[in-house]
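K.L.:
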Amino acid sequence: MSDIAVNIASLSQSCENNRKNTIKLAEQRELLEKVADDLSRKWEGIASNSYFGRFNVKQDTLATVINGMQDVVNYEHKAVQIYRDANRIVNGLIDEMF
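As structure tokens, this is what we get:
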């Protein structure tokens with residue numbers, strides 16, 4: 000019986016760690032989305048002003064940065080989903096044990 004208690008405690012701790020990581024990832028995702036939105040608005044402002052036409056190369060670089068940041072946001076979103084699924088599965092296993 001003590002092995003079961005140890006396993007349950009371990010699973011419970013894993014769930015708690017996953018929950019904390021999920022919260023951190025969600026916060027990072029929100030921050031990255033805000034930065035990407037801000038950069039996107041600045042980029043659109045530059046693109047709409049013909050005076051800044053000479054900055055096309057910088058616009059392309061900025062577009063690449065924004066796309067890269069969006070990829071990070073997407074990967075973090077997938078990680079959050081994986082953590083949530085793992086928590087659901089572990090909690091289901093704990094419930095089934097009792």
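Going by numbering that gives the first Met the number 0, the residue at position 17 of the sequence shown is 16; the numbering climbs one at a time, nothing skipped.
Glycine residues also receive a C-beta, built at the ideal position from the N, C-alpha and C atoms.
(1) Going by Cα to Cα distance, which pick from R87, I65, D84 is closest to E32?
(2) If we count Cβ pairs, one from each stretch, closer than 8 Å, do we get three or more for the region 33-41 versus the region 80-87?
(3) Between the region 14-30 and the region 60-78, do at least 3 Cβ pairs fall closer than 8 Å?
(4) Spatial neighbours of A35 within its chain, please: C-beta separation below 8 Å, excluding the five flanking residues on both sides.
(5) With the cut-off set at 8 Å, would you say I22 and M96 are in Cβ contact?
(6) Nearest to N90 by alpha carbon, out of A4, S1, S11?
P.N.:
Reading off the structure:
(1) I65
(2) no
(3) yes
(4) I65, M68, Q69, V72
(5) no
(6) S11
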